[in-house]
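Read through the structure below, which is laid out as structure tokens, and then see the notes.
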Amino acid sequence: MCRRAFYDKRISQEVSGDALGDEFKGYVFKIMGGCDKQGFPMKQGVLTPGRVRLLLYRGTPCFRGHGRRNGERRRKSVRGCIVSQDLSVLNLVIVKKGEKDLPGLTDMEKPRMRGPKRASKIRKLFNLGKDDDVTKYVNTYRRSFTNKKGKQTSKAPMIQRLVTPLTLQRKRGRIAEKKKRIAKAKSEAADYQKLVASRLCR
Numbered sequence: 017m018c019r020r021a022f023y024d025k026r027i028s029q030e031v032s033g034d035a036l037g038d039e040f041k042g043y044v045f046k047i048m049g050g051c052d053k054q055g056f057p058m059k060q061g062v063l064t065p066g067r068v069r070l071l072l073y074r075g076t077p078c079f080r081g082h083g084r085r086n087g088e089r090r091r092k093s094v095r096g097c098i099v100s101q102d103l104s105v106l107n108l109v110i111v112k113k114g115e116k117d118l119p120g121l122t123d124m125e126k127p128r129m130r131g132p133k134r135a136s137k138i139r140k141l142f143n144l145g146k147d148d149d150v151t152k153y154v155n156t157y158r159r160s161f162t163n164k165k166g167k168q169t170s171k172a173p174m175i176q177r178l179v180t181p182l183t184l185q186r187k188r189g190r191i192a193e194k195k196k197r198i199a200k201a202k203s204e205a206a207d208y209q210k211l212v213a214s215r216l217c218r
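So the numbering used here is basically just the index in the sequence shown, starting at one, shifted up by 16.
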């Protein structure tokens, strides 16, 4: 692939695929990132084609920060967001499809296997109200497969945060338990105050 078309371009910039060859005619690619030969990643916002050492804290791109203290920063080597000839990997996304299909990329459709699991997000996806039953709509992405015994079975994701009579009963039980604990603490405090007052009066 001719890489010259990407030189001096920045991350999130769009590049026409016509310069790459006839098979990419009509395609438009978006640069998403890349790595150099030593494995140092490109970082958005660093306007340089070379490598720099930045103070990064945990959670920022290019630094996971496992085992670091809260607020602790480390100086890490990253590449700038401008594409240069030192890169060994360049990550692209197809923004616009061209005339010909690319084998393995655009010639097949891969449907999303998993939908949302949370009850509120399922309601949002299927435009349901609070009173509608959510469990029926999970079956739209139920998966059928053959298990180890050779039996045909199906599997659907377990719905999270689903409000059922059982969950409401548990919530009522938790609230009642909390009220009972508060009442017990108050009565014990009152008994203790009585005991202290009786000891002081002697």
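For glycine and all other residues, C-beta sits at the position ideal for the given N, C-alpha and C.
Leaving out five residues before and five after glutamate 39 in sequence, what residues of the same chain have Cβ atoms less than 6 Å from its Cβ? Lys116
Please give me, in chain order, every unbroken run of the alpha helix (DSSP H) with length at least 4 that falls completely inside the region 131-182. 135-142 and 151-154
What do you get for glycine 33, buried or exposed, if any count of 16 or more other CB atoms within 10 angstroms of its CB means buried? buried
Check whether asparagine 86 and glycine 50 have beta carbons under 8 Å apart: no
Alpha carbon of lysine 187 to alpha carbon of alanine 199, nearest angstrom: 19 Å
Under three-state DSSP, which class holds arginine 128? coil
Could you please give me the residues that DSSP links to proline 57 through a beta bridge? Cys51
CB contact flag (lysine 59, valine 109, <8 Å): no
Residue of Leu216, Gly189, Gly131 and Lys165 minimising C-alpha distance to methionine 174: Gly131
Extent of the continuous beta strand (DSSP E) run through valine 111: 103-112
Counted within 10 angstroms of its Cβ, other Cβ atoms place tyrosine 73 as buried (16 or more) or exposed: exposed
Are valine 94 and leucine 70 closer than 8 Å when you measure CB to CB? yes
Would tyrosine 43 and lysine 113 be called neighbours here (beta carbons separated by less than 8 Å)? yes
According to the Cβ coordinates, are lysine 146 and glutamine 176 closer than 8 Å? no
Using the Cα positions of glycine 96 and proline 119, report the straight-line distance between them to the nearest angstrom. 32 Å
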